[in-house]
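Asker: Take a look at this one; I'll ask things after.
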Amino acid sequence: AERGNKPHAFCSTGCGERVTEVNGGVGGGSGTYPGNSNWVRSPDGNQGSFEVWNQMKGEMARAIFYMAIRYEGGVDPTSGQNEPQLELTDIRGDIVQINNYSQTAYMGLLADLLAWHQADPPSAAEVARNDLIMSFQGNRNPFVDHPEWATRALFESVNPAVCELGGNDLIFADGFEVFVP
6 AERGNKPHAF CSTGCGERVT EVNGGVGGGS GTYPGNSNWV RSPDGNQGSF
56 EVWNQMKGEM ARAIFYMAIR YEGGVDPTSG QNEPQLELTD IRGDIVQINN
106 YSQTAYMGLL ADLLAWHQAD PPSAAEVARN DLIMSFQGNR NPFVDHPEWA
156 TRALFESVNP AVCELGGNDL IFADGFEVFV P
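Residue numbers (this note's numbering): 6 to 186.
In structure tokens, the structure reads:
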């Protein structure tokens, strides 16, 4: 894929346009940054950049935020399998390929993802998709329902997005899951 393992980041200089398909009146290339295209800067790896088109910036950021709170390492209580630990960062040097769950994986760039999230708030279509996912999977992306929760402080805290209160794994009525050891 064109993104490879490049960080999600603004790509204003030295970038190539990757035209999107027109769908529902949005998308399609313009030849002008940022337009309705994805933008890529080589090389692959942490020195490159991949910027999604404007209509998808918020959705992409919130999907990555969800992954960062979902993949907190440890052992899955049902399967007993190790789970990956994912952290968001602005340090490009930390964003490297790993091959096992004993290492922490990093994605970013956090500042750009937070900016994308702010610039492209959840749309009615994204909320509807979150509702549909809830009906099938029984979980939701909390950053769609509560955009105000996406803060630098959350992702840079010692225990980001872990709520440790005292006993069981709970699913609240609104579909948010909290692990209570």
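Note that CB positions come from ideal geometry on N, CA and C, so glycine has one too. These numbers were taken from a predicted model, which means no experiment stands behind them.
Taking the continuous alpha helix (DSSP H) assigned at Glu64, which residues delimit it?
Answerer: Here the question's residue 64 lines up with position 59 in the sequence shown. Its alpha helix (DSSP H) spans residues 62-75.
Asker: Under a Cβ-count criterion, where at least 16 other Cβ atoms within 10 Å of its own Cβ denotes burial, should Arg157 be classed as buried or exposed?
Answerer: Position 152 of the sequence shown, counted from the first residue, corresponds to residue 157. When all chains shown are included, Arg157 counts as exposed.
Asker: In terms of residues, what are the limits of the alpha helix (DSSP H) holding Phe141?
Answerer: If you number the sequence shown from 1, residue 141 lands on position 136. 129-142 is the extent of the alpha helix (DSSP H) around Phe141.
Asker: CA-CA distance, Leu118 and Val101?
Answerer: Looking up residue 118 in the sequence shown gives position 113. Looking up residue 101 in the sequence shown gives position 96. Their Cα atoms are separated by approximately 18 Å.
Asker: Enumerate in chain order the residues of its own chain whose CB-to-CB distance from Phe160 is below 7 Å, with the five nearest sequence positions on each side excluded.
Answerer: Looking up residue 160 in the sequence shown gives position 155. Contacts found: Ala73, Leu93, Leu115.
Asker: DSSP on Ala110, reduced to helix/strand/coil?
Answerer: On the sequence shown, residue 110 is found 105 positions in, with the first residue counted as 1. The answer is strand: DSSP assigns Ala110 an E or B state.
Asker: In whole angstroms, give me the CA-to-CA distance for Arg108 and Gly30.
Answerer: Mapped onto the sequence shown, residue 108 falls at position 103. Mapped onto the sequence shown, residue 30 falls at position 25. Residue identity check: residue 108 is Gln in the sequence provided, not Arg. Straight-line Cα distance between these residues: approximately 43 Å.
Asker: Does the segment 45-63 come close enough to the segment 9-24 to have 3 or more Cβ pairs within less than 8 Å?
Answerer: yes
Asker: Quick one: is Trp44 buried, meaning 16 or more other Cβ sit within 10 Å of its Cβ, or exposed?
Answerer: Numbered from 1 along the sequence shown, position 39 holds the residue referred to as residue 44. So Trp44 counts as buried.
Asker: Are the beta-carbon atoms belonging to Thr25 and Ser42 less than 8 Å from one another?
Answerer: For this step, residue 25 is matched to residue 20 along the sequence shown. For this step, residue 42 is matched to residue 37 along the sequence shown. For Thr25 and Ser42, yes; Cβs fall inside 8 Å.
Asker: Mind reading off the beta-carbon distance from Phe70 to Ala129? Whole number of angstroms is fine, and I expect it under 8 Å.
Answerer: Locating residue 70 in the sequence shown gives position 65, where the first residue counts as 1. Locating residue 129 in the sequence shown gives position 124, where the first residue counts as 1. Going by Cβ atoms, the distance from Phe70 to Ala129 rounds to 20 Å, so no, they are not a contact pair.
Asker: Give the DSSP bridge partners of Trp121, in chain order.
Answerer: For the purposes of this step, residue 121 is taken as the residue at position 116 of the sequence shown. DSSP lists no partner for Trp121.
Asker: Using a Cβ-Cβ cutoff of less than 7 Å, which residues in the same chain neighbour Ala110 once the five nearest sequence positions on both sides are dropped?
Answerer: Taking the sequence shown and counting its residues from 1, one reaches residue 110 at position 105. Apart from sequence neighbours up to five positions away, the residues of its chain that approach Ala110 with a beta-carbon distance below 7 Å are Pro89, Gln90, Leu91, Ile103, ordered along the chain.
Asker: List the residues that DSSP assigns as beta-bridge partners of Val31.
Answerer: What you label residue 31 is simply residue 26 of the sequence shown in a count that begins at 1. Beta-bridge pairing links Val31 to Asn28.
Asker: Our contact map puts Gly32 next to Trp121 with C-beta atoms below 8 Å; I'd like the distance itself, whole angstroms only.
Answerer: Working through the sequence shown from its first residue, we reach residue 32 at position 27. Working through the sequence shown from its first residue, we reach residue 121 at position 116. About 17 Å separates the Cβ atoms of Gly32 and Trp121, ruling out a contact at the 8 Å cut-off.
Asker: Within the same chain, show all residues whose beta-carbon is closer than 8 Å to that of Gly36, passing over the 5 residues directly before and after it, in chain order.
Answerer: Residue 36 sits at position 31 when you count from the first residue of the sequence shown. Correct list, in chain order: Glu22.
Asker: Per DSSP, what kind of secondary structure is Gly98 in: helix, strand or coil?
Answerer: Taking the first residue of the sequence shown as 1, we reach residue 98 at position 93. The answer is helix: DSSP assigns Gly98 an H, G or I state.
Asker: For Pro126, is the classification buried or exposed, using 16 other Cβ atoms within 10 angstroms of its Cβ as the cut-off for buried?
Answerer: Start at 1 with the first residue of the sequence shown, and residue 126 comes out as number 121. So Pro126 ends up on the exposed side.
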